[in-house]
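Below is one structure, written out as structure tokens; the observations come after it.
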Amino acid sequence: MVVIIMKILVTGAAGFIGYHVATKLLSEGKEVIGIDNLNDYYDVSLKENRLKLINNHPNFHFEKVSLEDRREIEQIFNVYNPQIVINLAAQAGVRYSLTNPYAYIDSNIVGFMNILESCRHHKVQHLIYASSSSVYGLNTKMPFSVHNNVDHPVSLYAATKKANELMAHTYSHLYGLPTTGLRFFTVYGPWGRPDMALFLFTKAILEGNAIKVFNHGKMQRDFTYIDDIVEGIVRLVDRTAKPNENWSGIAPDPGTSIAPYKIYNIGNNNPVKLMDFIEAIEAKLGIEAIKEYLPIQAGDVPATYADVDDLIRDVGYKPNTSIKDGIGSFIDWYRDYYQV
């Protein structure tokens, strides 16, 4: 009896979410082709050390390549012919987009175009791709729903993620490519990104430095633990996006389509006040933070809150890791990794 192993291409495999997704898929017996350009947006050694944990797995293959390198991407699809693609590679960061806009066009627009074209020509069964809660922009109706219009982004990063959703819909409509976009809400946890709040706060507090508290602490975020994000992604791998038979052009639903296209929020469905988040870090560390209160930064939004009803209905799953448990796991990892 021949056992056919599902081949899944994971872009951004050395990144925070990509590494965790690849690890989970390998543990389930999948064959994973990981690609990443290992750029220096943040500490490259952190990316390399993530890769070291999975590089020797017999079902893992790694290729160092940038998404915007069209010929290299085409070659990887020719060689490996993946059945499923999970696109997690992107130039991340709202604040970085204010000073480095072209990096977002190269990676998030040109790079995503190359992924779409390769998926189209290789008859990929399902493209799952990372979007972001940042697409909600100026929306204030809470919780944020995928069925609400999102046409007012406040950062170029958010605009590129919204563009990805539009590009994906076009390919779903024209070529029947099933696409599922996932709007992640403030992901955190072990092996996290050094530019994210939890990492920055933990490092500063342990070093005795002040933490920067934007909008004078009047922020709320739907912080979502990495394991919850991964579980949501993996459950959707086999759930190929399908057309919504009730979709109407008279009252178009932004979260679905007459094409095989779907958008989901993956968030904790429980916004946490920034000051409560900081208090949880202080409690775990046993150190009170020195706080520098600052105005809200350009491109930031004061609150995020995910409506996850569609995720619950379609895959029977809702993120549920508490802030206390999630922060505890991250700080335990941080102390061990940096030996502090």
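With the sequence shown counted from 1, adding 1 to any position gets you the working numbering.
From the three backbone atoms N, C-alpha and C, an ideal C-beta is built for every residue, glycine too.
Legend entry - Contact with chain D by Asn210, beta-carbon distance below 8 Å: In the structure shown, chain D does not exist; there is a single protein chain.
Inset, instruction - Tell me whether Thr181 sits in a helix, a strand or coil according to DSSP, three-state version. - result: Three-state result, Thr181: strand.
Inset, instruction - Determine which residues share a DSSP beta bridge with Gly35 and list them. - result: BP columns for Gly35 point to Val11, Phe63.
Legend entry - Whole-angstrom distance between Glu293 and Arg236, CA atom to CA atom: If you draw a straight line from the Cα of Arg236 to the Cα of Glu293, it is about 41 Å long.
Inset, instruction - Please report how far the alpha carbon of Lys219 lies from the alpha carbon of Arg96, in whole angstroms. - result: Their Cα atoms are separated by approximately 18 Å.
Inset, instruction - Please state if the CB of Val238 and the CB of Gly85 are separated by a distance shorter than 8 Å. - result: Gly is not the amino acid found at residue 85; the sequence shown has Ile there. Yes; because the gap between Cβ atoms is below 8 Å, this pair is in contact.
Inset, instruction - Measure the alpha-carbon distance for Ala104 versus Glu64 and round it to whole angstroms. - result: Straight-line Cα distance between these residues: approximately 21 Å.
Inset, instruction - Over the uninterrupted alpha helix (DSSP H) stretch that includes Ala104, give me the two end residues. - result: 102-105 is the extent of the alpha helix (DSSP H) around Ala104.
Legend entry - Alpha-carbon to alpha-carbon, Gly209 and Met168: Rounded to the nearest angstrom, the two C-alpha atoms are 46 Å apart.
Inset, instruction - Return helix, strand or coil for Ser330, following the three-state DSSP convention. - result: Ser330 falls in the helix class under three-state DSSP.
Inset, instruction - Could you tell me which residues DSSP pairs with Leu128 in its beta bridges? - result: According to DSSP, Leu128 bridges with Val86, Thr180.
Legend entry - Which residues DSSP lists as bridging Ser133, in chain order: BP columns for Ser133 point to Phe185.
Legend entry - Counted within 10 angstroms of its Cβ, other Cβ atoms place His127 as buried (16 or more) or exposed: Buried, since its Cβ has 16 or more Cβ neighbours within 10 Å.
Inset, instruction - List the DSSP bridge partners of Tyr265. - result: DSSP lists Leu183 as partners of Tyr265.
Legend entry - Sheet register partners of Ile251 (DSSP bridge): Bridge partners of Ile251: none, in fact.
Inset, instruction - Mind checking who Gly211 pairs with in its DSSP beta bridge? - result: The identity of residue 211 in the sequence shown is Ala, whereas the question assumes Gly. DSSP lists Ile291 as the bridge partner or partners of Ala211.
Inset, instruction - Would you please state the rounded distance, in angstroms, between the beta carbons of Leu286 and Ile212? I believe it to be under 8 Å. - result: Not a contact, Cβ separation roughly 12 Å.
Inset, instruction - Using three-state DSSP, classify Arg222 as helix, strand or coil. - result: Here DSSP, grouped into helix, strand and coil, assigns Arg222 to strand.
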